[in-house]
Amino acid sequence: MEGAGAVALAPAVRLTGVTKRYGPVVACAGVDLELLPGEVHGILGENGAGKSTLMKILIGLVQPDEGTVELGGREVVIHDPQTAAELGIGMVHQHLSLVEALTVWENVLLGDASKFDRSAARRQVMETAEHYGLEIDPDRRVGELSAGLRQRVELIKCLRRDPKILILDEPTSVLTPAESEQLFTTLRDVVAAEQRAVALVSHKLAEILHATDRITIMRQGRVAERSRTVEATAPALAKAMVGRDVSLRTNAAAFGAIDLIDQGDPADQAVRAERDEAEAAVVAADRAARPVVLSIDRARLMRDGVTLLDDLSIEVRAGEIVGVAGVEGNGQRELGDLLSSLVTLDGGSVSVNGTTARTGRAGCMADLGIGVIPEDRHDSGCVLDMSVAENLVLDRIGSTARMGLIDRKRMRARAVELMREFDIQAAGPDAPFGSLSGGNQQRVVLARELGHRPTVLVAAQPTRGLDVGAIEYMSNRLRAAAESGIAVLLISTELEEILALSSRIVVLSRGRVIGELDRREATSERLGLLLGGVGIDESTGASA
Amino acid sequence: MSSNEPAVSLDRATGTSATNGPRMMRGAKLVALYVLAIAVALALSALLIAVTGGPWRKVFTALIDGSIRKPGRWGDTLAESAPLLIVALGAIVSTRAGLVNIGQEGQLAVGAATATYVATQGSGPFVLVLALLAGVVGGAVWAGIAALLRYWRKVPEVITTLLLVFIASQGTGYLLTRTFLLLDDDPNKPNRVQTSAQLDADTRIGFIRIFGNAFPWSVVLAVVLAVLVSVLLSRSTWGFRLTVLGRNPRTAQRIGVPVVLAGASALMLSGAFAGLAGATMLAAGTANFRYTPGFANNVGWEGLLVALVARNRPLACIPVALVFGALRTGSGFLAATGVERSIVDVVRSLLVLALLVPPAVAAIQRRRVSPPPAPVSTDEPVVAVAR
Amino acid sequence: MIASAASAVGDVLSSEAMYQSAMRFAIVLAFAAVGEWIAERAGTLNISIEAMMIGGAYSSAVAWGAFDNVPLALLIGVLMGVVVSLVQAHLSHQLSIDQFVVGLTLNLFVLGLALFLDSRWEAVTSVVKPTKVPLLHDLPLVGEALFGQPWPMYLIVPVVPMAWWLVFRTRWGLEVRSVGDNPQSADVSGIHVNRRRREAIMVAGGCAGLGGGVLVLGQISIAGYEGGHVGLKGIIAIAAVIFGGWTLRGTLIGCVLFGYFFALQQTLPVLGYRINAQLAASLPYIVALLVTAVFATRTRQPRALAQPFVRGLT
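Chains as they are written, first to last, in our numbering: chain W, 48 to 591; chain V, 3 to 389; chain G, 133 to 446.
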């Protein structure tokens with residue numbers, strides 16, 4: 048029985064008029080939502096649309112200011128995740144809820160109230176794993192597992208508690224296309240055979256259209272639209288999500304929509320192919336003439352006996368965007384760290400215009416003119432409790448100083464200039480950086496890194512966690528940077544982003560470049576296969 | 003504060019009424035909290051004296067008499083405050099770099115000992131300057147051991163600085179057992195106690211005499227240092243880069259602040275301040291211009307507390323150091339009341355404990371009304387004590 | 133010179149008193165170290181373990197003087213350790229005040245308080261008579277050390293396995309380990325991070341309080357309680373945890389090692405060797421510094437050690 052037909056079923060959970068405010072910010076405004084048993088319910092929205100807050104309310108991490116939650120027709124108050132678990136609500140978190148130092152079975156046990164019994168727990172893990180075809184070794188330490196396997200553990204952890212309602216928050220962000228497909232198959236199974244209610248939270252149109260029965264679209268904390276999946280079309284969903292007509296093509300990266308375009312209307316495809324062809328010809332002819340700016344040569348990095356970068360070689364020429372594709376955890380972070388002067392290589396070299404860096408020395412990469420938008424700006428891109436102005440001049444503090452003393456006026460003037468140029472919304476240059484929205488924080492980092500004309504710009508996951516407008520802005524800035532002659536290295540786990548921006552693509556796996564494609568040759572299928580090779584490899588690596 | 007309540011309950015308990023409350027209200031609340039905290043600490047102290055059978059009113063009167071009211075006392079209080087202030091300034095420097103140096107007591111002892119060694123080799127103002135510099139070096143080297151272990155072997159500096167306190171007090175004690183080191187070799191020395199030779203009259207720090215009070219020039223030095231540290235930390239590129247290092251070491255490394263070098267030098271600078279404090283104590287006559295066992299006499303610990311109470315603001319350290327100095331001089335007058343001097347230690351630490359609470363409560367309230375933080379894309383902790 | 137050093141080593145190694153004394157110090161350290169180990173597994177580098185020990189030592193001594201009842205005195209020591217830990221736990225893991233700031237202040241506070249109260253109610257420092265296990269205590273060299281200690285010392289025998297069981301074989305222990313390693317994940321899994329951390333600190337307080345009590349009541353050759361000082365033994369216990377690489381076994385080995393050097397300072401003069409008192413006294417601390425330095429990087433510490441947890445902040 049397909050859930051879509053079962054209209055008469057009582058909802059497993061019903062949210063009525065749920066509102067949550069943070070000071071002046073309204074994260075959810077009077078949201079109504081029903082999840083039906085036996086259905087996958089897609090919750091679609093941009094970052095900041097309120098879908099995460101809504102799910103956190105369901106799971107008890109956030110308390111609503113107004114509104115009610117009913118489970119099976121009975122009103123409940125969900126104080127904390129434990130209450131949620133007791134009520135039969137389970138969630139697979141985007142940034143998983145696993146503890147690396149613990150084993151798989153310990154992680155599965157973590158947070159419930161059952162008896163602490165090792166052998167019973169191991170048995171249950173194996174049973175659950177077998178039942179859903181999610182093979183895993185219960186005694187492995189989670190820290191040793193790949194991102195895909197970790198999510199499998201997370202799923203087992205949820206399913207073992209036999210939840211009536213299962214929430215998945217951006218589940219495919221750490222998966223290869225093949226792994227994503229497998230996940231959706233499992234979900235189908237869970238829904239159809241066991242009549243659970245599943246909420247799939249995502250910003251990717253393709254997977255929402257592919258894997259759900261019903262869709263709720265959120266925008267600015269409100270429900271913008273509801274529809275049955277069979278009746279939905281990609282452009283309509285995109286419009287409802289953003290609130291205006293948007294081109295799926297230019298915003299492919301934001302919507303995860305490359306596939307939709309590929310399969311979509313043949314006219315569009317023809318246009319696209321034609322345009323690509325023309326573009327590519329120009330680029331290819333041009334490229335050979337341009338000098339190699341950034342050259343990473345056989346970089347090798349070991350840590351605790353694990354090879355993180357394995358003879359990695361990448362060259363980036365002036366004015367091109369080279370995309371580094373790969374499933375999370377395959378050396379992207381280390382590559383970003385390397386170019387942020389944060390690690391010392393065990394072999395190989397990094398050079399810019401022929402000058403070789405002394406890797407690991409503080410500021411060595413910045414000295415060579417490498418600007419970095421780090422994967423996690425809070426980790427190495429900013430100082431949260433300093434002001435916007437201070438963050439904007441962070442690496443150039445010397446230029447605002449006289450005789451070692453900072454000239455605050457000059458610093459502020461420079462900051463205001465950059466804030467204007469990059470359209471940074473803040474209370475002022477003295478506002479604390481931490482008070483800015485994610486998009487504006489990212490703009491501050493971008494402004495600082497582009498502000499002094501770098502030779503190379505490294506953008507690691509530059510659009511993660513941003514809304515469509517911000518993604519569009521970031522994409523345009525990266526293109527403009529390349530056009531102005533900067534060598535751009537784009538490191539991303541979002542295939543769509545890579546495909547939308549790069550002129551050349553290298554595929555990273557286990558710290559190694561396993562393939563290099565010109566944009567002309569690259570399709571999401573081909574890339575997916577390259578990545579998938581890794582995925583298949585690893586899933587067999589999990590011995591029972 | 004029941005132990006069964008979850009951490010969030012504090013947030014929940016205060017409800018939403020304070021949301022968007024005017025900032026002035028919050029400021030007034032904070033002041034009220036501070037007053038309340040101090041009152042509670044003093045009341046508890048009084049209660050403690052009372053239950054042990056002491057006259058608590060007399061104790062407080064004696065403290066005030068001993069610190070300011072009686073003739074010549076406020077000069078002594080200034081003299082006692084100076085080393086506290088210098089130690090506190092050093093503590094602020096290391097804290098700014100994100101390091102937890104809590105071994106000032108040992109760094110001060112080592113600084114005083116090295117200063118003694120130099121100062122007793124000759125006499126005159128030049129030797130005095132050399133002795134003060136020796137104190138600076140001694141304290142810096144002692145803190146440098148912790149820095150070395152922190153950055154080379156990744157041992158938390160919290161533990162090493164503490165262990166080094168004990169080693170310093172025993173080690174400098176050992177120096178006083180050998181005449182070729184510090185022990186006074188004058189056969190006519192006053193008693194059998196192990197002390198160093200006395201500093202010559204012209205190797206001592208001069209005194210300022212005013213209104214029947216006298217205090218050493220080191221008081222002026224301490225205040226000048228406070229202003230200097232304040233300006234350098236808030237205005238200089240050095241202070242800026244140190245702040246970046248303390249708040250986000252990875253960002254610091256990326257923008258070209260050498261984490262190890264800058265961190266180690268901050269820790270050593272912090273020790274240098276403590277060492278300087280020890281040297282000034284010696285040359286200002288704290289122990290009759292001699293190095294003696296137990297010379298540091300808790301000045302290192304108390305200086306550290308000054309920095310804590312001043313919430314790591316150099317200029318705010320000045321009044322706090324005065325209060326703590328007053329407690330030290332005031333305790334000298336307690337004998338007459340029959341109450342143990344150590345009650346002052348209790349009063350002081352109770353005050354510090356109480357003063358920790360209001361800003362913490364304010365921070366929790368602030369956090370509650372602010373919007374959720376921007377999404378972060380990693381679960382990795384940014385800084386670890388030792389990895 | 134070398135010959136005399138060799139004979140000194142020989143004398144020390146063949147001295148029954150040395151083993152007995154070393155074991156006694158090791159046991160006292162172990163109580164605190166086991167507690168500290170649990171607190172650190174939960175993510176708190178709990179320097180107020182010193183204060184908890186002082187509190188336990190002083191109150192046990194006073195209680196024994198008042199009631200002349202060893203179990204009661206020990207119990208009061210445990211309670212006092214827990215009281216001190218309550219202050220630490222709530223200030224650092226409910227009001228989110230820096231744990232080192234709280235710990236340091238608490239150390240000074242409890243030390244000052246003990247000194248002050250000592251002037252009014254003097255702590256008694258006599259000791260419990262050794263319990264000699266028949267036959268076994270006649271074993272050469274280690275007989276007295278293992279089977280001739282005052283009975284409170286033997287409380288370590290149940291305490292260590294209980295601590296292990298608590299951490300590795302109970303749900304509470306699983307949760308404690310999770311909050312010490314990845315509090316964000318533990319939180320979304322439904323663990324009360326700061327509550328677990330507070331509880332772990334309280335366990336540490338109880339253990340350290342007991343250690344303080346045993347120190348006062350069980351030390352034979354020296355007055356263990358010197359006017360409130362436990363001589364930074366709490367800090368040495370922390371060094372033992374670091375030395376042990378956050379494993380229980382390693383921590384205990386650290387306690388034995390440091391205990392040995394505490395004993396050396398006492399035993400050498402008894403054996404007729406002249407050693408400078410100050411150098412001997414600082415020996416355990418120097419050793420602690422050196423061995424933590426040598427072993428620190430080889431081990432795995434809880435990833436969130438000494439990092440406060442506030443929901444929503446990373």
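Built from N, CA and C at the ideal position, the CB exists for glycine as well.
- Chain-order list of chain W residues neighbouring Gly322(G): Asp127, Pro128, Gln129, Ala132, Gly158, by C-beta distance under 7 Å.
- Annotation for Arg315(V): Ile94, Ser232 place their beta carbon closer than 8 Å to its own, counting only its chain and skipping 5 residues before and after.
- Taking 9 Å as the upper bound on Cβ-Cβ separation, chain V lies near residues Leu218, Val219, Ala221, His222, Leu223, His225, Gln226, Leu227, Ser228, Ile229, Asp230, Phe232, Val233, Val234, Gly235, Leu236, Thr237, Leu238 of the stretch 215-238 of chain G.
- In chain order, Val146, Glu147, Ala148, Leu149 make up the part of chain W whose C-beta sits under 8 Å from the C-beta of Asp313(G).
- Setting aside the 5 residues that flank it on each side, Ser274(W) is surrounded in the same chain by Ile262, each with a C-beta closer than 6 Å to its C-beta; the list follows chain order.
- Contact of Leu202(W) with chain V is not assigned, every C-beta pair being separated by 8 Å or more.
- A Cβ-Cβ separation of about 29 Å leaves Gly498(W) out of contact with Leu359(W) under the 8 Å criterion.
- Residue range 212-216 is occupied by the beta strand (DSSP E) that includes Ile212(W), with no alpha helix (DSSP H) assigned at that position.
- Secondary structure at Met349(W): strand, using DSSP grouped into helix, strand and coil.
- For the beta strand (DSSP E) assignment, the uninterrupted runs of no fewer than 3 residues enclosed by the stretch 56-113 of chain W are, from N- to C-terminal side, 60-69, 72-82, 86-92.
- For Gly395(W), the enclosing beta strand (DSSP E) starts and ends at 394-399.
- Shown in chain order are the members of the stretch 240-255 of chain V whose Cβ falls below 8 Å from a Cβ of chain W: Trp240, Phe242, Arg243, Thr245, Val246, Arg249, Asn250, Arg252, Thr253, Ala254, Gln255.
- In the three-state scheme derived from DSSP, where H, G and I count as helix and E and B as strand, Pro479(W) is classed as strand.
- At a C-beta separation below 9 Å, Ala318(G) has these neighbours in chain W: Ser144, Val146, Leu157, Gly158.
- In summary, Gly352(W) is exposed, with fewer than 16 beta-carbon neighbours lying within 10 Å of its beta-carbon over all protein chains present.
- Interface annotation, Asn408(G): in contact with chain V, CB-CB separation under 8 Å.
- When DSSP assignments are scanned along the stretch 301-353 of chain G, the uninterrupted stretches of alpha helix (DSSP H) that are 4 or more residues long and fall wholly within it turn out to be 303-313, 315-320, 325-350.
- Only residues of its own chain outside the window of five on either side were considered, and among them Leu35 have a CB closer than 7 Å to the CB of Val363(V), listed in chain order.
- Straight-line measurement puts the Cα of Ser220(W) at about 19 Å from the Cα of Glu519(W).
- Within the stretch 356-412 of chain W, the complete beta strand (DSSP E) segments of 3 residues or longer fall at 368-372, 394-399, listed in chain order.
- At a cut-off of 8 Å between C-beta atoms, Pro57(V) does not count as an interface residue with respect to chain G.
- According to the DSSP assignment, Asn408(G) belongs to no alpha helix (DSSP H), since it is labelled neither H nor E.
- By the rule that beta-carbons nearer than 8 Å mark a contact, Ala420(G) touches chain V.
- When the five nearest sequence neighbours on each side are left out, the beta carbons in the same chain lying within less than 6 Å of the beta carbon of Arg269(W) are those of Ala76, in order along the chain.
- With fewer than 16 other Cβ atoms from the protein chains shown falling within 10 Å of its own Cβ, Glu174(W) counts as exposed.
- The distance from the Cβ of Ser220(V) to that of Ile453(W) is about 30 Å, inconsistent with a contact at the 8 Å cut-off.
- The beta carbons of Val399(W) and Val503(W) sit closer together than 8 Å.
- Residues of chain W whose Cβ lies closer than 9 Å to the Cβ of Ser310(G) are, in chain order, Val146, Ala148, Leu149, Glu153, Asn154, Leu157, Gly158.
- Cβ-Cβ distances below 7 Å link Leu218(G) to Met334 in the same chain, with the five nearest sequence neighbours on each side left out; the list follows chain order.
- For Asp186(V), the closest Cβ of chain G is not nearer than 8 Å.
- For Ile210(V), the pairing in a beta bridge is given by DSSP as Phe217(V).
- Ala337(V) and Gly126(V) have their C-alpha atoms some 38 Å from each other.
- Taking a cut-off of 8 Å on C-beta distances, the stretch 455-475 of chain W touches the stretch 485-497 of chain W, as three or more cross pairs fall below it.
- Contacts with chain G at 8 Å (Cβ-Cβ) do not include Trp144(V).
- Annotation: Tyr190(G) has no Cβ neighbours in chain V at a cutoff of 8 Å; minimum Cβ distance is about 13 Å.
- The distance from the Cβ of Glu464(W) to that of Ala244(W) is about 52 Å, inconsistent with a contact at the 8 Å cut-off.
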